[in-house]
Amino acid sequence: MALITVQNLSLGYDSHVIVKDLNFSVSAGDYLCIVGENGSGKTTLMKTLLRLREPVGGQIVIGDGLKETEIGYLPQQTIVQKDFPASVKEIVLSGCLGRCGLRPFYSREDKRLARENMERMGISSLSSRSYRDLSGGQQQRVLLARALCATGKVLLLDEPVAGLDPMVTVEMYDLIEQLNKEGITVIMISHDVAAALRYASHILHIGDTVFFGTKEEYLKSDAGSFFLMQQNRKRDEGEQGS
Amino acid sequence: MIEKLAMYMQYPFVRYALIVGVLIALCSSLLGVTLVLKRFSFIGDGLSHVAFGAIAIASVTGVSNNMLLVLPITVISAILLLRTGQDTRIKGDAAIAMISVGALAFGYLIMNIFSTSSNLSGDVCSTLFGSTSILTLTVLEVRLCVVLSVVVVAIFILFYNKIFAVTFDENFSKATGINANAYNLLIAIVIALVIVLAMNLVGSLLISALVIFPALSAMRLFHSFKRVTVFSALLSVICALAGIIISILAGTPVGATIVTVDIVAFALCCGVGFCI
Numbered sequence: 069m070a071l072i073t074v075q076n077l078s079l080g081y082d083s084h085v086i087v088k089d090l091n092f093s094v095s096a097g098d099y100l101c102i103v104g105e106n107g108s109g110k111t112t113l114m115k116t117l118l119r120l121r122e123p124v125g126g127q128i129v130i131g132d133g134l135k136e137t138e139i140g141y142l143p144q145q146t147i148v149q150k151d152f153p154a155s156v157k158e159i160v161l162s163g164c165l166g167r168c169g170l171r172p173f174y175s176r177e178d179k180r181l182a183r184e185n186m187e188r189m190g191i192s193s194l195s196s197r198s199y200r201d202l203s204g205g206q207q208q209r210v211l212l213a214r215a216l217c218a219t220g221k222v223l224l225l226d227e228p229v230a231g232l233d234p235m236v237t238v239e240m241y242d243l244i245e246q247l248n249k250e251g252i253t254v255i256m257i258s259h260d261v262a263a264a265l266r267y268a269s270h271i272l273h274i275g276d277t278v279f280f281g282t283k284e285e286y287l288k289s290d291a292g293s294f295f296l297m298q299q300n301r302k303r304d305e306g307e308q309g310s
Numbered sequence: 067m068i069e070k071l072a073m074y075m076q077y078p079f080v081r082y083a084l085i086v087g088v089l090i091a092l093c094s095s096l097l098g099v100t101l102v103l104k105r106f107s108f109i110g111d112g113l114s115h116v117a118f119g120a121i122a123i124a125s126v127t128g129v130s131n132n133m134l135l136v137l138p139i140t141v142i143s144a145i146l147l148l149r150t151g152q153d154t155r156i157k158g159d160a161a162i163a164m165i166s167v168g169a170l171a172f173g174y175l176i177m178n179i180f181s182t183s184s185n186l187s188g189d190v191c192s193t194l195f196g197s198t199s200i201l202t203l204t205v206l207e208v209r210l211c212v213v214l215s216v217v218v219v220a221i222f223i224l225f226y227n228k229i230f231a232v233t234f235d236e237n238f239s240k241a242t243g244i245n246a247n248a249y250n251l252l253i254a255i256v257i258a259l260v261i262v263l264a265m266n267l268v269g270s271l272l273i274s275a276l277v278i279f280p281a282l283s284a285m286r287l288f289h290s291f292k293r294v295t296v297f298s299a300l301l302s303v304i305c306a307l308a309g310i311i312i313s314i315l316a317g318t319p320v321g322a323t324i325v326t327v328d329i330v331a332f333a334l335c336c337g338v339g340f341c342i
């Protein structure tokens, strides 16, 4: 049984449907990349998977012992967070809150988990630093550590490398790959098809044409080759322009 | 000067003013940090105008205790305002502006039409700027204030971690199973409580100052949420005490004096924050 199975899912705002009849499934250990043009509904899909938004139609079935709240989420940064006075430790700890239920304070177990995940992300030395003083890459590591506190199974990443410089981008991808190898299922939204093809095991392409399958199948499919062709053309134009 | 102060302290109304002033300063600063960060700095202003409108209705209809009418109306408005803050057609700031200006105009209008008082502009002025009301507190009002403050502080401490999480990242909190909407509602209700309390002290126009200045000052100096919260509470209490004492000694209006002390403290914090 798959961790997450999506059946005939339709997405949209109000009555306006963006994506129709989406079918795919994610099994434990997969690395799924969701690609597609801007406005094709990638972020809406992610919000629906997180139950932040009701699907217009169809359903999402969660199985294999996964609880609905055991999905770790790495959101895109909001403006509010840019000047938020909070220490790294406070933010990472807040990932444990979902498990606290009505208990008002953190337990020793929560604090241990937060420490472990900070170590895992290599940010232990930053623990009492202020979040707003960190670099973009460090901030992403903090949010990733927080997501890991909420789950040991599935991570949903929304454009994890947006706004990072090339060096840090590679580090971030390596870090995510490492987590995937440790057994965490990764679902990632990305603009970067080249990186998606390098790291992912499965690709979900949404837009005018919808495709779901393994990376190898995607390369052979129409959607994949068309998208790649477009990307290449854009890159070529960019090179000519500069 | 100390003799003069000691003499004043013998009067119960001065002691009441000090007690209530400190409690209100404490409560309003606790949520200030959250409000500033959620970009709701002006909700204090908006809600206090709603409370002003409600007071106008209460004084015209002759309800025996203002609080009975003012409290529920302000709480309902707070809930509506924070609700429109998320995902709706009228965005947060516009909704606050609408409700605040509307309530102010409506309140003044009915006071003007139905008022039996001979000193209308005096009444309006003291409601807006709270010039004398803190010195005319009854024992019942002081007790109510103490009870409400204890409730606010208890709620804040119990839900401190959740309030932090919901303020920092609402979507993440929802995704990990925290009922963010319920906590937003809780924040709205507590804010409404604090504002109704604070109206007695600084009047409706100056409440925003009590809510935002301590938070902004603390954010200049400290980098963790806990320290910012604790420091802003401390600073707010100190400023309120200083403000009340100065106003008693110098005979200045209480609300405006407290806010002035807050502004001076903010300037100091900016200076210190710039140096370190």
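First to last, the sequence lines map onto chains A and B. If you count the first sequence from 1, position 202 lands on 270 in my numbering, and the numbers rise without skipping. If you count the second sequence from 1, position 196 lands on 262 in my numbering, and the numbers rise without skipping. Ideal Cβ positions, reconstructed from N, Cα and C, are used throughout, including at glycine.
Cβ of residue 115/B within 9 Å of any chain A Cβ: As a working mapping, residue 115/B is identified with position 49 in the second sequence. Answer no: the Cβ-Cβ gap between residue 115/B and chain A never drops below 9 Å.
Status (buried if at least 16 other CB within 10 Å, exposed otherwise) for residue 264/A: Numbered from its first residue, the first sequence carries residue 264/A at position 196. With 16 or more Cβ atoms within 10 Å of its Cβ, residue 264/A is classed as buried.
Spatial distance of residue 229/B from residue 252/B (CA atoms): As a working note, residue 229/B is residue 163 in the second sequence. As a working note, residue 252/B is residue 186 in the second sequence. If you take the alpha carbons of residue 229/B and residue 252/B, they lie about 9 Å apart.
Cutoff 9 Å: residue 224/B Cβ touching any chain A Cβ: For this step, residue 224/B is matched to residue 158 along the second sequence. For residue 224/B, the answer is yes, since a Cβ of chain A falls inside 9 Å of its Cβ.
Listed by chain order, chain A residues near residue 100/B by CB distance under 7 Å: For the purposes of this step, residue 100/B is identified with residue 34 of the second sequence, where counting begins at 1. For a Cβ distance threshold of 7 Å, nothing in chain A lies close to residue 100/B: the least Cβ distance comes to about 11 Å.
One or two residues paired with residue 93/A in a DSSP bridge: Numbered from its first residue, the first sequence carries residue 93/A at position 25. Residue pairing by DSSP places residue 93/A opposite 73/A in a beta bridge.
Residue 113/A, enclosing alpha helix (DSSP H) - first and last residue: If you number the first sequence from 1, residue 113/A lands on position 45. The continuous alpha helix (DSSP H) containing residue 113/A extends over residues 110 to 117.
For residue 279/A, the first and last residue of its enclosing beta strand (DSSP E): The sequence position of residue 279/A within the first sequence is 211, counting from 1. Unbroken beta strand (DSSP E) run through residue 279/A: 279 to 282.
Residue-chain proximity (residue 149/A, chain B), Cβ-Cβ < 9 Å: What you label residue 149/A is simply residue 81 of the first sequence in a count that begins at 1. Output row for residue 149/A: interface = yes.
Close Cβ partners of residue 178/A (< 6 Å) along its chain, the five nearest in sequence each way excluded: The residue labelled residue 178/A in the question sits at position 110 within the first sequence. Cβ neighbours of residue 178/A beyond the five flanking positions: 164.
Chain B contacts made by the stretch 82 to 93 of chain A, where a contact means CB separation under 8 Å: Those residues of the stretch 82 to 93 of chain A that come within reach of chain B (Cβ to Cβ, closer than 8 Å) do not exist; the list is empty.
Residue of 78/A, 200/A, 120/A, 202/A minimising C-alpha distance to residue 244/B: Locating residue 244/B in the second sequence gives position 178, counting from the first residue. The shortest C-alpha separation from residue 244/B is found at 120/A.
Where the beta strand (DSSP E) containing residue 226/A begins and where it ends: Numbered from 1 along the first sequence, position 158 holds the residue referred to as residue 226/A. 222 to 226 is the span of the beta strand (DSSP E), which, as asked, contains residue 226/A.
Separation of residue 174/B from residue 224/A, as counted between CA atoms: Working through the first sequence from its first residue, we reach residue 224/A at position 156. Working through the second sequence from its first residue, we reach residue 174/B at position 108. About 53 Å.
Uninterrupted alpha helix (DSSP H) stretches inside the stretch 225 to 271 of chain A (no shorter than 4 residues): Listed in chain order, the alpha helix (DSSP H) elements of length 4 or more contained wholly in the stretch 225 to 271 of chain A are 234 to 249, 261 to 267.
Per DSSP, the bridge partner or partners of residue 140/A: Residue numbering aside, residue 140/A sits at position 72 when the first sequence is read from its first letter. Per DSSP, 223/A.
Cross-chain neighbours of residue 158/A in chain B, by beta carbon under 8 Å: The residue given as residue 158/A occupies position 90 in the first sequence. Neighbours of residue 158/A on chain B, chain order: 230, 290, 291, 292.
Partners in chain B for residue 174/A, counting only beta-carbon separations shorter than 8 Å: By 1-based counting over the first sequence, the position of residue 174/A is 106. Ordered by position in chain B, the residues that pass the 8 Å Cβ test against residue 174/A are 227.
Enclosing alpha helix (DSSP H) for residue 99/B [first to last residue]: Translated into the one-based positions of the second sequence, residue 99/B becomes position 33. It spans 78 to 103 - the alpha helix (DSSP H) in which residue 99/B sits, taken as one unbroken run.
The stretch 221 to 235 of chain A: positions lying closer than 7 Å to chain B by Cβ: Nothing from the stretch 221 to 235 of chain A brings a Cβ to less than 7 Å from some Cβ of chain B.
Neighbour-count burial assignment, residue 310/A, 16 or more Cβ in a 10 Å radius: Working through the first sequence from its first residue, we reach residue 310/A at position 242. In this prediction, residue 310/A has a pLDDT of 45, which is less than 50 and means its spatial position is unreliable; what the coordinates show is noted afterwards. By the neighbour-count definition (other C-beta atoms within 10 Å, threshold 16), residue 310/A is an exposed residue.
Residue 80/A, DSSP secondary structure in three states: Locating residue 80/A in the first sequence gives position 12, where the first residue counts as 1. The three-state reading of DSSP puts residue 80/A in strand, counting E and B together.
Enclosing beta strand (DSSP E) for residue 208/A [first to last residue]: Position 140 of the first sequence, counted from the start, is the residue given in the question as residue 208/A. According to the DSSP assignment, residue 208/A belongs to no beta strand (DSSP E) but to the alpha helix (DSSP H) extending over 204 to 218.
Inter-residue CB distance, residue 77/A and residue 128/A (contact presumed, cutoff 8 Å): Numbered from its first residue, the first sequence carries residue 77/A at position 9. Numbered from its first residue, the first sequence carries residue 128/A at position 60. About 7 Å separates the beta carbons of residue 77/A and residue 128/A, which is inside the 8 Å limit, making them a contact pair.
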